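Novice: Residue numbers (this note's numbering): -12 to 222.
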């Protein structure tokens, strides 16, 4: 009874493995489901080995080994041994490659989500009615939203993207450098700090600024986030 069903079972297995090989071969690699080019190649290799193994088993069950001749027996035996040795290694390779592909896809999705969140936050900051600045440790303007750029006449360099400030200075500050807000750089948070920005033409803008210092990993001051309401201009 076992011999009666053995040969049909081997044939079904052989046909199934061939069908699976063709199906995987015509399926496009899709990293989103873990089917990268590497994973697809490993799966095809395993299926090819199963096809060969099933073909050898079919020949054995069908008593067709004599067709190859006795000289081929060592090669057939070596082929079977190699298949037995490589099969588990390839299966492990498929599992590892699929896991790596999934991890990579997770990182890509996380990066995209972070990018969308960053873009959303930047849109919110730029559309805020209050002026928002990020100042470096020496008061230089590193970032400014749309309101701050309008109030302080700031522009962005098309070549470098750096903020370009006009020649205004902070009034009542003897050592104020043009275009810098060093008087707003503090180690501690502050609210309602008065500062007057004066243009060479004599136009002044009076600000009431609030700031929050930003410290780096070494607890050193890396800059200050400053916000202010849109002021009125005095000629």
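Backbone N, C-alpha and C fix where the C-beta goes; we use that ideal spot for every residue, glycine too.
Quantities reported herein were computed from a predicted structural model and do not represent experimental measurements.
Is it buried or exposed for residue 194, if we count other Cβ within 10 angstroms and need 16 for buried?
Specialist: Under this definition residue 194 is a buried residue.
Novice: State buried or exposed for residue 151, treating a residue as buried only when at least 16 other CB atoms are found within 10 Å of its CB.
Specialist: Exposed, because fewer than 16 other Cβ atoms sit within 10 Å of the Cβ of residue 151.
Novice: Based on Cα-Cα distance, which residue from 11, 140, 124 and 180 lies nearest to residue 203?
Specialist: Of the candidates 11, 140, 124 and 180, the one whose C-alpha sits nearest the C-alpha of residue 203 is 124.
Novice: DSSP beta-bridge partners for residue 181?
Specialist: For residue 181, which the question treats as bridged, DSSP gives the partners 195.
Novice: I'd like to check one pair, residue 213 with residue 189: are the Cβ atoms closer than 7 Å?
Specialist: No.
Novice: Go through its chain and collect everything with a Cβ distance to residue 112's Cβ below 7 Å, but skip five positions before and after it.
Specialist: Contacts found: 119 and 132.
Novice: Just reading off the alpha helix (DSSP H) that residue 139 is part of, what are its end residues?
Specialist: Unbroken alpha helix (DSSP H) run through residue 139: 133 to 139.
Novice: Ordered along the chain, which non-local residues of its own chain (more than five positions away) have a Cβ less than 8 Å from that of residue 12?
Specialist: Answer for residue 12: 31, listed in chain order.
Novice: For residue 207, does the three-state DSSP call read helix, strand or coil?
Specialist: Residue state, collapsed to three classes: coil.
Novice: Pull the bridge partners of residue 214 from the DSSP assignment, please.
Specialist: Answer is 119 and 197.
Novice: To the nearest angstrom, report how far apart residue 178 and residue 186 are at their CA atoms.
Specialist: Spanning the two alpha carbons is a distance of roughly 24 Å.
Novice: Applying the 10 Å Cβ sphere with the 16-neighbour rule, what's the burial state of residue 100?
Specialist: Answer is exposed; the Cβ neighbour count stays below 16.
Novice: Return yes when the Cβ of residue 28 is within less than 7 Å of the Cβ of residue 121, no when it is not.
Specialist: No.
Novice: Excluding five sequence neighbours on each side, which residues of the same chain lie with their C-beta closer than 7 Å to the C-beta of residue 201?
Specialist: Contacts found: 209, 210, 211 and 212.
Novice: Which class does residue 174 belong to by DSSP, given the choice of helix, strand or coil?
Specialist: Note: residue 174 maps to coil in three-state DSSP.
Novice: For residue 36, tell me which candidate among 156, 75, 24 and 170 has the shortest Cα-Cα distance.
Specialist: Among 156, 75, 24 and 170, the Cα nearest to that of residue 36 is on 75.
Novice: On the premise that residue 155 lies in contact with residue 184, defined as a C-beta separation below 8 Å, what is that separation, rounded to the nearest angstrom?
Specialist: Indeed they touch by this definition, with Cβ atoms about 5 Å apart.
Novice: So, residue 172 versus residue 126, is the Cβ gap smaller than 7 Å?
Specialist: Closer than 7 Å, so yes.
Novice: What residues match up with residue 142 in a beta bridge as DSSP calls it?
Specialist: DSSP, once it has assigned bridges, lists 151 as partnering residue 142.
Novice: With C-beta atoms as the reference, is residue 170 less than 7 Å away from residue 157?
Specialist: Yes; because the gap between Cβ atoms is below 7 Å, this pair is in contact.
Novice: Would you say the beta carbon of residue 169 is closer than 6 Å to some non-hydrogen atom of the ligand NAD?
Specialist: As far as ligands go, the structure on display features none, and thus does not contain the ligand NAD.
Novice: With a threshold of 16 other CB atoms inside 10 Å of the CB of residue 166, please say whether the residue is buried or exposed.
Specialist: It counts as buried.
Novice: Decide if residue 138 is buried, meaning its Cβ has at least 16 other Cβ atoms within 10 Å, or exposed.
Specialist: Buried is the call here.
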